[in-house]
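Participant: Please find one structure pasted underneath; my questions will follow.
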């Protein structure tokens with residue numbers, strides 16, 4: 087049936103075009119859909135997506151405690167040597183020696199924000215933060231020590 | 011009531027009291043030329059801004075919003091930039107044709123302005139073959155594009171111009187048939203008579219099914235004729251850099267750009283005149299009081315409103331549909347649009363003879 091195919095071709099074509107036009111027409115008439123961020127103007131109220139990866143940070147709780155055990159899994163996972171962990175041995179009250187981090191050195195200038203270190207961490211000590219205003223006048227400022235001074239590992243994390 | 015008709019009449023009377031009829035006519039021509047150029051410049055600025063805003067909204071963006079409140083001076087700033095840029099002519103180009111081409115394209119656009127009725131009795135030239143004049147002159151624009159493509163001595167330009175030629179020649183046919191539909195129903199080629207015939211309802215409503223089909227065909231065909239997406243194969247920036255105007259820069263490029271938008275305005279104005287009643291307000295049959303209220307809105311606003319509605323529809327197409335391939339483009343015309351418009355013309359002829367329209 088040539089004629090039937092011809093007509094159904096035309097009808098299908100027109101209906102698919104109208105479907106597209108309905109979508110764009112919806113976007114045209116609904117200004118709440120606009121996703122443009124007028125960045126320097128709305129800096130105070132800027133909202134970034136949860137999955138945005140800006141830099142690696144180490145969260146500390148109110149007692150200045152983190153959960154990093156110094157296992158160096160992140161250092162091993164990093165493909166370009168961004169992370170360097172210097173460990174030390176703390177003496178526990180029982181007189182035993184316990185491994186802990188002295189400095190978690192993170193070189194932002196070399197980091198590709200690939201998230202492999204965060205995925206490798208067994209104790210969720212590090213995560214990605216949505217900061218992106220990283221420009222500084224001195225390159226050495228991009229080498230950061232992530233554990234805060236005087237911080238120690240949280241109780242019960244091995 | 012102050013209307014464009016009374017203004018033109020006052021000016022003409024004043025000119026005839028001061029000067030002899032020949033000089034008055036010459037002065038009127040000068041005024042018309044100045045008005046046409048002003049209209050062109052304004053349209054260029056407004057339509058480019060409108061397009062950018064529509065595109066932004068459709069793509070969930072904000073669009074230009076830095077130059078002036080809401081970005082309304084963006085296109086004026088762009089024009090200033092283009093005026094200050096160098097109009098380069100390539101060494102190996104055919105210099106005469108290369109420099110002539112933008113003006114040919116603009117001239118065609120200007121010629122098409124002549125028979126358009128902008129408001130009640132406000133028309134540059136009401137010739138009795140208005141529709142024929144429009145369909146014949148509008149096909150001349152392909153010469154300007156071919157000239158630009160050939161004279162540029164550039165493979166992209168030439169390919170773009172060739173595609174444009176094939177496209178315009180093909181789509182002229184279905185545009186012409188769509189226009190003929192209205193000519194059959196009205197029985198006249200004169201623009202003012204076509205508008206007058208729509209006093210008790212626009213053809214789109216009076217002519218029901220065949221006119222609606224013709225309207226859709228007309229919109230598709232003129233989108234192709236003005237080289238706009240989804241039929242922008244002549245430019246196709248991802249394939250041919252910029253198509254026929256690859257080598258143009260500065261004000262010569264701006265003329266091509268302007269001509270594109272002027273052409274959109276003109277085809278939409280013609281579409282509005284033929285299918286949506288031109289400057290005729292929305293009249294429904296014998297609803298006298300309703301018709302009377304509609305008459306209070308000035309005819310120029312009706313005309314501009316309808317034209318800008320059609321322009322919006324064509325912009326909507328551009329930012330929704332993907333570009334066709336050359337073979338798809340020609341298939342669409344020769345296998346679909348042309349047979350449908352031929353059949354539609356037959357249908358409308360039967361309807362006109364039997365009087366089966368409102």
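Protein chains in written order, with the numbering used here: chain A, 87 to 244; chain B, 11 to 368.
Heads up, the beta-carbon is just placed ideally off N, CA and C, and yes, glycines get one too.
Given the structure is predicted, the values throughout are model-derived calculations rather than measurements.
For residue 319 (chain B) and chain A, any beta-carbon pair shorter than 8 Å?
Facilitator: Looking up residue 319 (chain B) in the second chain gives position 309. It does not; no Cβ of chain A falls within 8 Å.
Participant: Would you verify that the beta carbon of residue 106 (chain B) is, or is not, closer than 8 Å to some beta carbon of chain A?
Facilitator: Taking the second chain and counting its residues from 1, the one referred to as residue 106 (chain B) is at position 96. Not an interface residue.
Participant: What residues in its chain sit with their C-beta under 8 Å from that of residue 265 (chain B), if we drop five residues either side in the sequence?
Facilitator: Position 255 of the second chain, counted from the start, is the residue given in the question as residue 265 (chain B). Result list for residue 265 (chain B): 112, 113, 115, 116, in chain order.
Participant: Which two residues bound the contiguous beta strand (DSSP E) that contains residue 143 (chain A)?
Facilitator: Translated into positions along the first chain, residue 143 (chain A) becomes position 57. Counting along the chain, the beta strand (DSSP E) containing residue 143 (chain A) begins and ends at 141-143.
Participant: Closer than 7 Å between beta carbons: that is the criterion. Which residues of the region 70-84 of chain B meet it against chain A?
Facilitator: Answer in chain order: 70, 71, 72.
Participant: Can you tell me whether residue 364 (chain B) is buried or exposed, with buried defined as 16 or more other CB within 10 angstroms of its CB?
Facilitator: Your numbering for residue 364 (chain B) matches position 354 in the second chain. Exposed: under 16 other Cβ atoms inside 10 Å.
Participant: How do the region 240-253 of chain B and the region 88-103 of chain B stand: do at least 3 beta-carbon pairs fall below 8 Å, yes or no?
Facilitator: Cβ pair count under 8 Å is below three, so no.
Participant: Excluding the five sequence neighbours on either side, which residues of its own chain have a C-beta within less than 6 Å of the C-beta of residue 262 (chain B), listed in chain order?
Facilitator: Translated into positions along the second chain, residue 262 (chain B) becomes position 252. Same-chain partners within the cutoff: 97, 112.
Participant: Compile a chain-ordered list of the residues in the region 92-114 of chain A whose CB is closer than 9 Å to at least one CB of chain B.
Facilitator: Listed by position, the residues of the region 92-114 of chain A near chain B (Cβ gap below 9 Å) are 92, 95, 96, 99, 100, 103, 106, 107, 109, 110, 111, 113, 114.
Participant: For residue 175 (chain A), write down the residues that DSSP places opposite it in a beta bridge.
Facilitator: Counting from one through the first chain, the residue named residue 175 (chain A) turns up at place 89. Partner(s): A:185.
Participant: Between residue 353 (chain B) and chain A, is the shortest Cβ-Cβ distance under 8 Å, so that the two count as touching?
Facilitator: Residue numbering aside, residue 353 (chain B) sits at position 343 when the second chain is read from its first letter. It does not: the Cβ of residue 353 (chain B) has no partner Cβ on chain A nearer than 8 Å.
Participant: Within this structure, are the beta carbons of residue 212 (chain A) and residue 160 (chain A) separated by less than 8 Å?
Facilitator: Here residue 212 (chain A) is taken as the residue at index 126 of the first chain, counted from 1. Here residue 160 (chain A) is taken as the residue at index 74 of the first chain, counted from 1. Yes, Cβ-Cβ distance for residue 212 (chain A) and residue 160 (chain A) is below 8 Å.
Participant: Is the CB-CB distance between residue 220 (chain B) and residue 361 (chain B) below 8 Å?
Facilitator: On the second chain, position 210 is the one that residue 220 (chain B) refers to. On the second chain, position 351 is the one that residue 361 (chain B) refers to. Yes, they are a contact pair.
Participant: In the region 159-178 of chain A, which residues sit with their C-beta less than 7 Å from some C-beta in chain B, listed in chain order?
Facilitator: Cβ contacts with chain B come from no residue of the region 159-178 of chain A.
Participant: Let me know the secondary structure DSSP gives residue 125 (chain A) once reduced to three states.
Facilitator: Numbered from its first residue, the first chain carries residue 125 (chain A) at position 39. Residue 125 (chain A): coil per DSSP, three-state reduction.
Participant: Tell me which same chain residues have a C-beta within less than 6 Å of the C-beta of residue 217 (chain B), skipping the five on either side of it?
Facilitator: The count along the second chain starts at 1 and reaches residue 217 (chain B) at position 207. 195, 367, listed in sequence order.
Participant: The beta strand (DSSP E) with residue 216 (chain B) in it runs from where to where?
Facilitator: Numbered from its first residue, the second chain carries residue 216 (chain B) at position 206. Looking at the DSSP string, residue 216 (chain B) is not in any beta strand (DSSP E); the run it does join, the alpha helix (DSSP H), is 213-216.
Participant: I need the DSSP call for residue 258 (chain B), collapsed to helix, strand or coil.
Facilitator: Locating residue 258 (chain B) in the second chain gives position 248, where the first residue counts as 1. Residue 258 (chain B) falls in the coil class under three-state DSSP.
Participant: Spell out whether any CB of chain A is found under 8 Å from the CB atom of residue 289 (chain B).
Facilitator: Here the question's residue 289 (chain B) lines up with position 279 in the second chain. Cβ-Cβ to chain A under 8 Å: no for residue 289 (chain B).
Participant: Take every Cβ of the region 310-320 of chain B, pair it with every Cβ of the region 283-295 of chain B, and state whether three or more of those distances are shorter than 8 Å.
Facilitator: In short, these stretches touch, since the Cβ pair count reaches three.
Participant: Can you list, in chain order, the residues of the region 114-143 of chain A whose Cβ is nearer than 7 Å to any Cβ on chain B?
Facilitator: Cβ contacts with chain B come from 114, 119, 120, 121, 122.
Participant: Say whether chain A places a C-beta atom closer than 8 Å to the C-beta of residue 326 (chain B).
Facilitator: Along the second chain, read from residue 1 onward, the residue named residue 326 (chain B) stands at position 316. Closer than 8 Å: yes.
Participant: Apart from the five residues just before and just after residue 163 (chain B), which ones in its own chain have a Cβ nearer than 6 Å to its Cβ?
Facilitator: One-based indexing of the second chain puts residue 163 (chain B) at position 153. Only 102, 103 meet the Cβ criterion.
Participant: Taking 8 Å as the CB-CB cut-off, is residue 181 (chain B) touching chain A?
Facilitator: On the second chain, position 171 is the one that residue 181 (chain B) refers to. No, its Cβ sits nowhere closer than 8 Å to a Cβ of chain A.
Participant: Check whether chain A comes within 8 Å of residue 173 (chain B), counting only Cβ atoms and requiring the distance to be less than that.
Facilitator: Looking up residue 173 (chain B) in the second chain gives position 163. By this cut-off, residue 173 (chain B) is not an interface position.
Participant: DSSP three-state label for residue 99 (chain B), please.
Facilitator: If you number the second chain from 1, residue 99 (chain B) lands on position 89. Correct three-state label for residue 99 (chain B): coil.
Participant: Exposed or buried, what is residue 343 (chain B) when buried is set at 16 or more other beta-carbons lying within 10 Å of its beta-carbon?
Facilitator: As a working mapping, residue 343 (chain B) is identified with position 333 in the second chain. Looking at its Cβ environment, which holds 16 or more other Cβ atoms inside 10 Å, residue 343 (chain B) is buried.
Participant: Sorted by chain position, which residues of the same chain lie with C-beta nearer than 7 Å to residue 135 (chain B)'s C-beta, five sequence neighbours on each side aside?
Facilitator: Within the second chain, the letter at position 125 stands for residue 135 (chain B). The answer, listed in chain order, is 124, 125.
Participant: Assuming contact is defined by CB atoms lying nearer than 8 Å, are residue 270 (chain B) and residue 237 (chain B) in contact in what I supplied?
Facilitator: Walking along the second chain from the start, residue 270 (chain B) turns up at place 260. Walking along the second chain from the start, residue 237 (chain B) turns up at place 227. Yes. Within cutoff.
Participant: Which term fits residue 196 (chain A), buried or exposed, when burial requires 16 or more other beta carbons within 10 angstroms of its beta carbon?
Facilitator: Numbered from 1 along the first chain, position 110 holds the residue referred to as residue 196 (chain A). Looking at its Cβ environment, which holds fewer than 16 other Cβ atoms inside 10 Å, residue 196 (chain A) is exposed.
Participant: Any C-beta of chain A sitting closer than 8 Å to the C-beta of residue 33 (chain B)?
Facilitator: For the purposes of this step, residue 33 (chain B) is identified with residue 23 of the second chain, where counting begins at 1. No, because no Cβ of chain A sits closer than 8 Å to the Cβ of residue 33 (chain B).
Participant: Out of A:127, A:135, A:107, point me to the one whose CA is closest to residue 214 (chain A)'s CA.
Facilitator: In the first chain, residue 214 (chain A) corresponds to position 128, counting from 1. Answer by Cα proximity: A:135.
Participant: Kindly indicate which three-state DSSP category residue 290 (chain B) falls into: helix, strand or coil?
Facilitator: Numbered from 1 along the second chain, position 280 holds the residue referred to as residue 290 (chain B). Coil, per DSSP.
Participant: What does a CB cutoff of less than 8 Å around residue 93 (chain B) pick up in its chain, not counting 5 residues either side in sequence?
Facilitator: Taking the second chain and counting its residues from 1, the one referred to as residue 93 (chain B) is at position 83. So the list reads 260, 261, 264, once near-sequence residues are dropped.
Participant: Under 8 Å between the Cβ atoms of residue 177 (chain B) and residue 127 (chain B)?
Facilitator: Reading the second chain from its first residue, position 167 is the one you call residue 177 (chain B). Reading the second chain from its first residue, position 117 is the one you call residue 127 (chain B). Contact flag unset, no.
Participant: Taking a Cβ distance cut-off of 8 Å, strictly less, list which residues of the region 330-347 of chain B are near chain A, in chain order.
Facilitator: So the close ones are 330, 331, 346.
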